Amino acid sequence: MTTKTCSKCGEAKAPEMFPTGANRCRVCQKLYNAEYYLLHKEKIISKVSEYARKNKPVKTVQHAAWRERNKWKVKAYAAKSKAKFPDVYRERAAKRSAKWANANPLKQKQMRAKRVKNVTQSYISALLHIPVSEIPKDLIELKREQLLTIRITKQLASIIKEKSNGS
Ligand SMILES: [Zn+2]
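Under the working numbering, residues 687 to 853 are what the sequence shown spells out, in order.
In structure tokens form, the structure reads like this:
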């Protein structure tokens, strides 16, 4: 096997340990990049944000077009990172829905009523304090049946009460 000697650390390493065309190995390059970033942090940040500001409309349109063309890629990537960082995503989703609820109190109330009435997954998830993605389907069904049974029992009880009060 041929090896290449790193110009920085002097170690002989496999060629795939070097970025294409580089004389520094990946480890040294990474360290160098990190050091460079720390030394020039402010400059880099201001350059990047300036570039972003200048190119925002173009970039946004380009990005949107790219996302549209690569929908499956975007989806796959999102799913992958969601699986990797479930807590981050959960927190983000919770924040988003809290923000939305704050801005749309009436709709939020209606939607909650609907969730309760239809005994939806998200309602059951909230009741059980288990994220929707982690509740087994059987448990959802079981809980749903239980809730509906309680409701019917209550309705029956109130009907019976009414009747006995009336007579
Ligand atoms: Zn090196």
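We treat Cβ as the ideally placed atom computed from N, Cα and C, and that holds for glycine. What you are looking at is a predicted structure, and each value in this text was computed from that prediction instead of being measured.
Between the CA atoms of K768 and E777 - distance to the nearest angstrom
11 Å
Just curious, the alpha helix (DSSP H) that T746 is in, first and last residue?
742-755
Rounded to whole angstroms, what's the CA-CA distance from Q841 to K847? Just pull it up for me.
10 Å
Work out the CA separation of A764 and Y770 for me, nearest whole Å.
In the sequence on display, residue 770 carries Lys and not Tyr. Going by the C-alpha atoms only, they are around 10 Å apart.
My output table needs one value for A787: the three-state DSSP class, helix, strand or coil.
helix
Pull up the DSSP beta-bridge partners for A698, would you.
T691
Could you give the residue range of the alpha helix (DSSP H) that holds I810?
807-814
Under 8 Å, do T688 and P701 count as touching if we go by C-beta distance?
yes
As a quick check of your reading: which residues have a C-beta less than 6 Å from at least one non-hydrogen atom of ligand 1, in chain order?
C692, K694, C695, E697, R710, C711, V713, C714
Are the beta-carbon atoms belonging to L814 and K803 less than 8 Å from one another?
no
Is the distance from the Cβ of I810 to the Cβ of I836 below 8 Å?
no
So, are the CB atoms of R710 and S693 less than 8 Å apart?
yes
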